[in-house]
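Data first, discussion second: the structure below is written as structure tokens.
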Amino acid sequence: MKTKKILMVLVLPFLIASIAMAQGVKKPVDQNVEKEPAKRSGKVLAHLKQELALTPAQEIKVKELLEKREAEMIENREANQEMREEQQKIRQERMKIAMEKQQEHDAKMKAILTPEQYTKYEAIRTERREEFRENRRVHMERAAERRKKVKTIE
2 MKTKKILMVL
12 VLPFLIASIA
22 MAQGVKKPVD
32 QNVEKEPAKR
42 SGKVLAHLKQ
52 ELALTPAQEI
62 KVKELLEKRE
72 AEMIENREAN
82 QEMREEQQKI
92 RQERMKIAME
102 KQQEHDAKMK
112 AILTPEQYTK
122 YEAIRTERRE
132 EFRENRRVHM
142 ERAAERRKKV
152 KTIE
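Under our numbering, think of the first position of the sequence shown as 2, with each following residue one higher.
What follows is the structure, encoded as structure tokens:
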């Protein structure tokens, strides 16, 4: 009996994942997420019941397990959303500080350089910024190509 429980605990996540992957088309997260764990786990339970020929006792236990896992996933999703929002605020604050430092630096450079030198200095900075953006674009394209190759291998 213990080995059956252990087997169920180990095999169940893989079954759920394979069922999800077998469906093929991915929906956007907002459309795929149902509000009540019982609704989502009910679909999985129906499939498992049919495929595994679960007994009524097993069905009850699997249902409880699926609902508990779904509730945990919803809690984790909400916690992750809160973390993402907090990280966004931190990023915005860092960007604000960086912009202020850049403005201070520019003001100091403007005070040191002649108007002609400062104009040339700004042109150099603009050119470097454009080079950086181009290099970043190329890097992102290559990364996307690598991801496509990995997907085709799978």
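Every residue gets a Cβ at the ideal spot worked out from N, C-alpha and C, and that includes glycine.
Everything numeric in this text was worked out from a predicted model, so none of it was measured.
- Annotation for alanine 112: the continuous alpha helix (DSSP H) segment containing it runs 57-113.
- Counting along the chain, alanine 145 sits inside the alpha helix (DSSP H) bounded by residues 116-154.
- A straight line joining the alpha-carbon of threonine 120 with that of lysine 102 spans about 20 Å.
- Shown here, alanine 54 sits in coil according to DSSP, grouped into three states, outside any helix or strand.
- Contact between the segment 41-49 and the segment 63-82 is present, with at least three C-beta pairs closer than 8 Å.
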